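Here's the structure we're looking at; comments come further down.
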Amino acid sequence: MRGRHFYAHLGIDLPLAGSITDTGDIALTRGQPGAPRGPLRGQPPGDEGAEPLLDRR
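The opening residue of the sequence shown carries number 240 in the working numbering; numbering runs sequentially from there.
Set out below in structure tokens:
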């Protein structure tokens, strides 16, 4: 998966790149490939609309 994370109040636009496993786990890296800002890992929200559980491991 690919996308962007825009911090409107700072004017910073970071690219996102990552994957989703067969079990639904998400692993994303923010920033440029040569200078990433850190990984995000977790699960997407469930059917009940819970917030995603992402951490910086």
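Positions of the beta carbon are idealized from the N, C-alpha and C atoms, including for glycine. Computed from a prediction, not measured in an experiment: that's the story for all the values here.
So for residue i, helix, strand or coil by DSSP?
i: His-244; result: strand
i: Gly-270; result: strand
i: Leu-249; result: coil
i: Pro-300; result: Nothing about residue 300 can be reported from this structure: the residues present for the chain run from 240 to 296 only.
i: Pro-283; result: coil
i: Gly-263; result: coil
Measuring CA to CA, which of the options is closest to residue i?
i: Leu-267; options: Pro-283, Leu-255, Ile-251; result: Leu-255
i: Ala-242; options: Gln-271, Gln-282, Gly-281; result: Reading off the sequence, residue 242 comes out as Gly, not Ala. Gly-242 has its Cα closest to that of Gln-271, out of Gln-271, Gln-282, Gly-281.
i: Phe-245; options: Arg-269, Ser-258, Asp-261; result: Arg-269
i: Arg-265; options: Ala-247, Met-240, Gly-281, His-248; result: Checking the sequence, you will find Ile at residue 265 rather than Arg. It is Gly-281 whose Cα lies nearest to the Cα of Ile-265.
Please report how far the alpha carbon of residue i lies from the alpha carbon of residue j, in whole angstroms.
i: Gly-263; j: Leu-253; result: 23 Å
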